[in-house]
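Asker:
As C-alpha cells, then:
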C-alpha cells in the first residue's frame with residue numbers, strides 16, 4: 044500500500060514539474076515580440092525594428108539605428124537622412140539627425156544622452172510583419188558623405 048502512495052506522490056510531483064515547464068515555455072514564447080535586425084556591409088551601422096509597448100492604436104513598431112564605428116568618428120558624424128523601404132517602396136523619411144546628440148555620453152549638468160536614433164514611430168504591425176524591410180542611411184563624417192543600406196531580417200524568438 045505504501046508503494047502505491049509513494050508512486051502516486053512521485054507521479055504528482057512529475058506532473059506538477061511538467062506543467063510548470065510547459066507554462067514557463069508558453070510565457071517565454073508568447074512574451075517575445077517579432078523583431079527584425081540587420082547591419083550594413085561596412086559594420087558602421089546596426090538597425091532593428093521593435094514592437095512598441097501597448098498603445099491605444101494597437102500593435103505597432105519603431106526603428107532603432109545604432110552607430111558601431113569609432114568613438115572619435117561618432118562625434119564628427121551627422122546623419123543626413125534615414126529612408127525606410129517596405130517591399131521596395133519608400134515608407135517615410137526623417138532628416139537632420141545629428142548623431143552627436145545620440146552618443147550615450149554624459150551631458151553637462153548630469154544625465155545621459157541616447158546611444159541611438161529611434162524613428163518611424165507607430166508603424167502598424169500589418170505593414171511590417173512578413174514584408175521585405177530595408178533601411179538606407181546617408182551620413183557625413185567630417186566632410187566625407189557616405190551611404191549604407193541595411194536589410195532587416197526577422198530574428199527568431201529563440202535567438203534573442
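Residue numbers (the working numbering): 44 to 203. Think of the CB as a built atom: it goes at the ideal place given N, C-alpha and C, for glycine as much as any other residue.
1. Would you please state the rounded distance, in angstroms, between the beta carbons of residue 191 and residue 129? I believe it to be under 8 Å.
2. Output the boundary residues of the alpha helix (DSSP H) element that contains residue 169.
3. Since residue 165 and residue 107 should fall inside the 8 Å C-beta cutoff, what is the C-beta to C-beta distance between them, to a whole number of angstroms?
4. Taking its Cβ as the centre, do 16 or more other Cβ atoms sit within 10 Å of residue 160, making it buried, or is it exposed?
5. Below 8 Å, can you find three or more Cβ-Cβ pairs linking the region 64-71 to the region 176-193?
6. In angstroms with no decimal places, state the Cα-to-Cα distance between residue 49 and residue 58.
Answerer: Let me spell this out:
1. Rounded, the Cβ-Cβ distance is 18 Å, inconsistent with contact.
2. 168-171
3. The pair is not a contact, with the Cβ atoms about 14 Å apart (cut-off 8 Å).
4. buried
5. no
6. Distance between the alpha carbons of residue 49 and residue 58: 14 Å.
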